[in-house]
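In the working numbering, the protein residues as written are 208 to 757.
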C-alpha cells in the first residue's frame, strides 16, 4: 500500500490516539493542530510576541521623534503628523482583511510576508530623505503591520489547549504591555543622542529573530479554508470606507469638521461605502467575503467587540490627552511625563499576570472585567480632579490605578471573545476585535481633541462673564497686581495692562484645566455606559473542547 502524504496522515489520526496523548501529557495535544506545532508551540509563542511587539514598539518610538523629524525635514506639525496618520490609514484598511489574506496565502506565508514587509518598509523610512518618501513607506508599513497582532492572537487561540489559554494570553499581553512602557524612553534616548533615522533601524535584531522562529516552527492551520476567489467589490468598498473614515477622524478637528467641504464629502463616502460593504458581505451572492460578519452572531464576540471599542477609546484616548495635560498644564518635562507613565505600565503588567493565574483557576472573566472597569472609572475620577497645583506623585497615583484597572480588562475580554468560536471563525473574530479596538482609539483621540477645544471655550466664556465692570473682587485683584508692578518700576498704565494680561492667562489656564478634567470624567462615563454589555458575555465552560477544534 502506498504511503499516505504527511498532511493526510495528520488528518486521519484516530480519536483514541489523541485521547491517549492528552492523558499522558501535561499539555494535551490539539486534534486540529499538527504534531510539529504542538511540540513547538512555546517557541511559536515567543516568535508571535516578538512580531506583535514590533508594531507596538514602532508606534511609541516614532511618536517621540516626530518633533526632530519635523525640524530636519522642514515640515510643519500638521505635515509631520502624516508620518503617523499614513501608517494608521493603511493599517485600518488592511486589518479587517487579515483573516481573508491568511486564507489566500496560507497563515505561515502571510504572517512571514507581513513581518518582512513591515520591516523592509521601516528600513526604507530610515533611508528616506523627504517627507513624501517617509509617508509612502509608512503606508506600506501599516499594511504589513495589520497582521502582526490580529494573526498572532488568532494563532495563539488555535494552537494552545483551552486549559492553557488564560496564562498564554497573559504572557502575550505582558509582552505587548512592556513594549509601550519602555518605548518612549528608548525613543527619547535615541533621538537625543543619535539621529531620528536611527529609530527605524533598532528593530532589526527583533525582526530577524521573529522571522526565523515563525519560519522554523509555525505551520498552516489544518482547518483553514484556502481562498481561491477575490472579493473585489468588498475590497474596494472597505478601502474607500475605512480610508475615508480614518482621514475624517484624523483631520476633522483641524479643518473644523463639517464646515470643510472635503471632510464632508469623505464622511459621505465613508458612510455609503461601509453600509454597502456590510450589505455585500452578508449577501448570499458573495461566496467568498473578505470579512465574515456572521461571526458576530456569537454573543460573546459581539459584546467583546463593543467592549473592545470602548477599551480602545479609553486606552488610546487617555494616552493621548495625559501627556498634553502634564506638559501644557502641569509644566512637566517630556522626561517627567514619561516617568509618570512608567508605574502605570508596571501595574498593568501585574494585573495581567494576576488575570492569567486566576482565570486558569476558574474565576469568572466577567467578574474581572467589571472589577477592572470600576477601578478604571475611579482612576478617571482621580485624574478629573487634578489642578494646576498637582504634582508628579498625584498623577502617578492616578495612573497606577488606571493601569491596574486596564490590566484586569485586557485578557478577560479576549478570553471570552474567542471562547465560542471554532476553526476559521477565530481569525475572523480576531480581525474584528482588533479593528474595533483600533477604531475606538481613533474615535477617542478625535472626540477628546474636539471636546477639549470646545469645553475650553465654554469654560472661558463662563469665567469671562464674571469679569464685569464694577466687580469689587476683580478691581481689588487688578489694583494689587498693578501696585506690586509699579513698585518694581512699571508705569501705572503698563502695570494695569500687565495685570490684566496676567489675569487673562490665569483665566485661560483655569479654563484649560477644567476642560481636561471634563475629558477624563468623560472617559469614565463612557466605561460606565458600556457596563451592560458585560451582561451579554457568557462564562466559558471549564473543560470544554479546545477553541479552534472541529
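Backbone N, C-alpha and C define an ideal beta-carbon position, used for all residues, glycine too.
Asked: Rounded to whole angstroms, what is the Cα-Cα separation between residue 374 and residue 628?; Found: 19 Å
Asked: Nearest to residue 484 by alpha carbon, out of 363, 469, 473, 500?; Found: 500
Asked: Quick check: is any heavy atom of the ligand SAH less than 7 Å from the C-beta of residue 617?; Found: Of ligands this structure carries none, so the ligand SAH is not represented either.
Asked: With DSSP as the reference, label residue 438 as helix, strand or coil.; Found: coil
Asked: Reducing DSSP to helix, strand and coil, say where residue 451 ends up.; Found: helix
Asked: Do residue 324 and residue 358 come within 8 Å of each other at the CB atom, strictly closer than that value?; Found: no
Asked: Exposed or buried, what is residue 289 when buried is set at 16 or more other beta-carbons lying within 10 Å of its beta-carbon?; Found: buried
Asked: If you draw a straight line from the alpha carbon of residue 672 to that of residue 532, how long is it in whole angstroms?; Found: 25 Å
Asked: Sorted by chain position, which residues of the same chain lie with C-beta nearer than 8 Å to residue 378's C-beta, five sequence neighbours on each side aside?; Found: 252, 256, 563
Asked: Got a sec? Which residues, its chain only, sit under 7 Å from residue 384 by beta carbon, not counting five neighbours each side?; Found: 552, 555, 556, 559
Asked: Are there 16 or more other CB atoms within 10 angstroms of the CB of residue 465, so buried, or fewer, so exposed?; Found: exposed
Asked: Could you say which of 623, 637, 635 lies nearest to residue 743 if we only look at CA atoms?; Found: 623
Asked: Just reading off the alpha helix (DSSP H) that residue 408 is part of, what are its end residues?; Found: It is not in any alpha helix (DSSP H) - residue 408 carries neither H nor E in the DSSP assignment.
Asked: Considering only residues of the same chain and omitting the five flanking positions on each side of residue 480, which have a CB-CB separation below 6 Å?; Found: 444, 447, 448
Asked: Leaving out five residues on either side along the sequence, give the residues of the same chain with a beta carbon under 7 Å from the beta carbon of residue 658.; Found: 726, 729
Asked: So what's residue 402 in DSSP terms, helix, strand or just coil?; Found: coil
Asked: Measuring alpha carbon to alpha carbon, tell me which residue in 261, 281, 350 is nearest residue 292.; Found: 350
Asked: Taking just the CA atoms, how far does residue 415 sit from residue 213?; Found: Only weak support exists for where residue 213 lies, its pLDDT of 38 falling under 50; the value from the coordinates is given anyway. Taking the straight line joining both Cα atoms gives about 29 Å.
Asked: Using alpha carbons as the reference points, say which of 632, 646, 463, 720 lies closest to residue 496.; Found: 632
Asked: What is the DSSP secondary structure of residue 295, reduced to helix, strand or coil?; Found: helix
Asked: Could you give the residue range of the alpha helix (DSSP H) that holds residue 524?; Found: 506-531
Asked: Where does residue 658 fall in DSSP's three states?; Found: helix
Asked: Between residue 599 and residue 526, which are expected to be in contact by the criterion C-beta below 8 Å, what is the C-beta distance as a whole number of angstroms?; Found: Incorrect: roughly 17 Å between the Cβ atoms, too far for contact.
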